[in-house]
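Chemist: Residues in the sequence shown are numbered from 0 upward in steps of one, following numbering that gives the first Met the number 0.
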Amino acid sequence: MTSVREFWAARALLPSGWADAVRIAVDAAGFIASVEPGAPPGAARRLPGHVIPGVPNLHSHAFQRAMAGGAERRSPAGHDSFWTWRETMYRFVARFSPEDAEAVAAQLYAECLEHGFTSIAEFHYLHHQPDGTPYADPAEMAKRHLAAARRAGIGITMLPSLYRHGGIFGKEPHQGQRRFLNDIDGFCRIVEATRAAVDGDPQASAGLAPHSLRAVTPAMLQALADFDGPIHIHAAEQPKEVEECLAATGARPVRWLLDNMPLDRRWVLIHATHLDAGEVRDLAKTGAVAGLCPTTEASLGDGIFRLPGFLAEGGRIGIGTDSHVGTAPAFELRQLETSQRLRDHARAVATGDQNPHPGRTLLDGVLAGGAQASGRNLGAIAPGLRADLVELDDTHPLLLGRAADALLDAWVFSGQGNPVRTTVCGGKVVVEAGRHVRAMAIRDDFARAMRRLLDG
Ligand code: NGQ
Ligand code: ZN
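Below, the structure is given as structure tokens:
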């Protein structure tokens with residue numbers, strides 16, 4: 000990976016809007032030192048297309064990349080659902096060695112970079128050995144994900160997940176969940192070791208992830224709630240979990256969180272699919288991020304997020320690729336907008352009088368919300384933020400003849416091609432001519448891991 004100190008973008012999306020001939024200087028730690036529009040390229044590395052900020056991916060279970068496309072088949076009993084997919088996932092997760100986890104994660108992260116994601120929030124619960132015993136280093140698996148991120152050159156927010164129960168508020172766990180389980184003390188050891196492993200690395204940080212209201216107790220949530228950093232939790236993805244939460248607590252999951260937890264800008268509610276109008280309004284007011292994973296939510300039959308109401312109330316959104324049936328920001332944004340259209344028989348949903356382009360509106364939203372969810376300084380081309388840049392090739396057939404916000408619409412809403420030509424992450428060029436600079440070696444290791452996982 001080449002470290003360049005200066006880039007020059009023919010056109011770049013800055014906080015103030017599109018600007019031409021933009022010179023971007025990067026400091027030794029990979030942060031943007033200065034941004035100068037209307038500047039000559041000089042000796043800077045030229046990015047002749049449209050340059051946008053790298054997109055943060057706010058939700059990943061990296062190991063699931065190895066299942067993508069392989070869990071679609073009807074089961075003998077039929078009635079397939081999120082819950083039968085989860086059984087398949089539990090059987091598959093039993094096979095992963097630390098080496099497999101690292102190889103699969105590196106492949107995923109390289110693919111994400113090739114499509115314009117430059118940061119990943121790894122919601123990590125695959126902690127232990129297959130029989131549930133901790134590894135000699137309890138943070139072995141977390142460190143494998145950090146190693147994969149470093150190899151691929153993507154920024155990472157490592158989110159060790161607390162998983163203790165198998166159903167709302169204290170049900171005993173399922174056999175298939177053995178590798179995930181910790182009590183608070185075991186979890187704290189993993190968190191401490193993860194924090195030590197990211198310390199001093201400008202590309203990595205750590206947060207917390209109580210898995211869901213199904214996996215922790217209110218007391219556990221309370222114990223984590225004063226953490227000064229990102230707190231991610233799955234919430235209200237499936238109707239059944241809403242029903243179970245109502246039965247156990249008298250409140251829907253997001254209402255329960257609103258009433259019992261200090262929801263604010265630190266919090267990220269992953270999915271937040273099944274909300275009533277009051278939850279939409281009140282969640283938006285907290286400043287928490289709704290962590291939307293549109294291609295996974297479609298794949299698992301979750302439901303459709305209430306985007307128009309949430310945006311109208313000033314709600315913050317970000318996107319994640321979760322189970323990795325998609326690995327491209329453009330596909331997540333398209334699925335997000337087109338699912339609204341299918342439900343509401345409408346078009347141009349994520350727009351307003353001042354923002355007629357859904358591609359631009361959605362990109363602006365998920366840059367801000369994704370940056371917030373990452374807990375790191377990124378999400379825009381501005382001094383002090385990570386030098387995360389994505390160059391879209393405006394001579395690509397998909398984008399030809401389009402410019403500025405109309406080009407973003409074309410990127411999101413047309414075709415299957417990938418016009419990302421160059422990705423810069425933390426000042427390093429990690430994708431050149433559309434290919435990750437270590438694509439071959441990473442893919443070879445991934446192929447070996449897949450053989451082990453599928454034959455095993
Ligand atoms: C997960 N995935 O943790 O990987 C979950 C499934 C669960 C999604 N929700 C397991 N997409 O929620 O219990
Ligand atoms: Zn998830």
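A virtual CB, placed ideally from N, CA and C, is assigned to each residue, including glycine.
Because the structure is a prediction, the values reported are computed rather than measured.
Under a three-way DSSP split, which group does residue 80 fall into?
Modeler: Looking at residue 80 - three-state DSSP - the assignment turns out to be coil, as it is neither helix nor strand.
Chemist: Assuming residue 360 contacts residue 349 under a Cβ cut-off of 8 Å, what Cβ separation, rounded to an integer in Å, is found between them?
Modeler: Correct: roughly 5 Å between the Cβ atoms.
Chemist: Check whether the stretch 168-184 and the stretch 441-451 are in contact - that is, three or more C-beta pairs closer than 8 Å.
Modeler: With a cut-off of 8 Å, the stretch 441-451 and the stretch 168-184 do not count as touching, because too few Cβ pairs lie within range.
Chemist: Helix, strand or coil: which one does DSSP assign to residue 292?
Modeler: In this structure, residue 292 counts as coil in the three-state DSSP scheme.
Chemist: If you compare alpha carbons, which of 267, 258, 262 and 243 is closest to residue 169?
Modeler: Residue 169 has its Cα closest to that of 243, out of 267, 258, 262 and 243.
Chemist: So what does DSSP say about residue 142, is it helix, strand or coil?
Modeler: If DSSP states are grouped into helix, strand and coil, residue 142 belongs with the helices.
Chemist: From the DSSP output, read off the bridge partner residues of residue 6.
Modeler: In DSSP, residue 6 forms a bridge with 23 and 44.
Chemist: Would you say the beta carbon of residue 122 comes nearer than 7 Å to a heavy atom of the ligand ZN?
Modeler: It does: the Cβ of residue 122 is within 7 Å (strictly closer) of some heavy atom of the ligand ZN.
Chemist: For residue 321, verify whether its CB is less than 7 Å away from any heavy atom of the ligand NGQ.
Modeler: Correct: residue 321 has its Cβ closer than 7 Å to the ligand NGQ.
Chemist: What's the C-alpha gap between residue 310 and residue 57?
Modeler: Taking the straight line from one Cα to the other gives about 18 Å.
Chemist: Mind checking which residues open and close the alpha helix (DSSP H) that includes residue 331?
Modeler: Run containing residue 331: 328-343, per the alpha helix (DSSP H) assignment.
Chemist: Kindly indicate the opening and closing residues of the beta strand (DSSP E) around residue 122.
Modeler: Where residue 122 is concerned, the enclosing beta strand (DSSP E) stretches over 116-123.
Chemist: Compute the beta-carbon to beta-carbon distance between residue 382 and residue 31, rounded to the nearest angstrom, for a pair I have assumed lies under 8 Å.
Modeler: Contact holds; Cβ gap of about 5 Å.
Chemist: Pick out whichever of 373, 80 and 430 has its Cα sitting closest to the Cα of residue 229.
Modeler: Of the candidates 373, 80 and 430, the one whose C-alpha sits nearest the C-alpha of residue 229 is 373.
Chemist: Measuring alpha carbon to alpha carbon, tell me which of 62, 184, 403 and 225 ends up nearest residue 355.
Modeler: Residue 355 has its Cα closest to that of 403, out of 62, 184, 403 and 225.
Chemist: State the beta-bridge partners of residue 16 as determined by DSSP.
Modeler: Paired residues: 13.
Chemist: Where does the unbroken alpha helix (DSSP H) through residue 55 begin, and where does it stop?
Modeler: Careful: residue 55 lies outside any alpha helix (DSSP H), inside the beta strand (DSSP E) at 54-59.
Chemist: Give the secondary structure of residue 151 by DSSP, where H, G and I count as helix, E and B as strand, and everything else as coil.
Modeler: Helix.
Chemist: Among 434, 224, 353 and 413, which has the Cα closest to the Cα of residue 115?
Modeler: Residue 115 has its Cα closest to that of 434, out of 434, 224, 353 and 413.
Chemist: Note down, in chain order, each residue of its chain lying with its Cβ closer than 8 Å to the Cβ of residue 250, except the 5 sequence neighbours on either side.
Modeler: Cβ within range, chain order: 244 and 258.
Chemist: Helix, strand or coil: which one does DSSP assign to residue 280?
Modeler: Three-state result, residue 280: helix.
Chemist: Which of helix, strand or coil does DSSP assign to residue 166?
Modeler: Of the three classes helix, strand and coil, the one that applies to residue 166 here is coil, per DSSP.
Chemist: Check whether the Cβ of residue 318 lies closer than 7 Å to any heavy atom of the ligand ZN, and answer yes or no.
Modeler: Flag unset: Cβ of residue 318 not near the ligand ZN.
Chemist: In this structure, does DSSP put residue 299 in helix, strand or coil?
Modeler: In the structure shown, residue 299 sits in coil (DSSP, three-state: anything other than H, G, I, E or B).
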